[in-house]
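Going by the numbering used here, 603 is the number at position 89 of the sequence shown; the sequence numbering is gapless.
All remarks here apply to the structure that follows.
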Amino acid sequence: MAYTAFGERRKGDWRVSDPLPPIIPALTNRGFTGHEHIDEMGLIHMNGRVYDPQIGRFLSADPYIQSPYNTQSYNRYSYTINNPLKYTDPTGNFFGFILGFISAMTTKAVIAAIGTKLFLAK
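This is the structure in structure tokens:
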């Protein structure tokens, strides 16, 4: 199986593929980024949320705003801040968690450095 950047099944010549023959879903229901495909509905269950590859959007909002300084983060239905060639979202929520964690650690490091400098200045 091959997929477009937003998860649609495709043929080797990049055309979006026809519906799968009946035998293929019986062999595997895993596909794009290892997630469960719900072929009857044309959706991908990413454990945290359900994704529609035809429109490149999740069906529910992301509970996290990944990066408040990136305007793409405010589209909470988008997949990987609309940049699937650079990022992946293994759980449907993971991308926001990673950016939030990095942001929190950076903020803590800056606050600790400023606090240490102020303490030592006395």
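Quick reminder that beta carbons are idealized off the backbone N, C-alpha and C, glycines included.
query                                                                                                        : result
Endpoints, the beta strand (DSSP E) within which D566 is located                                             : V564 to D566
CA-to-CA distance, A516 to S581, given in whole angstroms                                                    : 30 Å
Local conformation of G572 per DSSP, three classes                                                           : Note that residue 572 corresponds to Phe in the displayed sequence, not to Gly. F572: strand per DSSP, three-state reduction.
Closest by C-alpha distance to I579, when choosing among G545, I552 and I595                                 : I595
R544 classed as buried or exposed, judged by whether at least 16 other C-beta atoms fall within 10 angstroms : exposed
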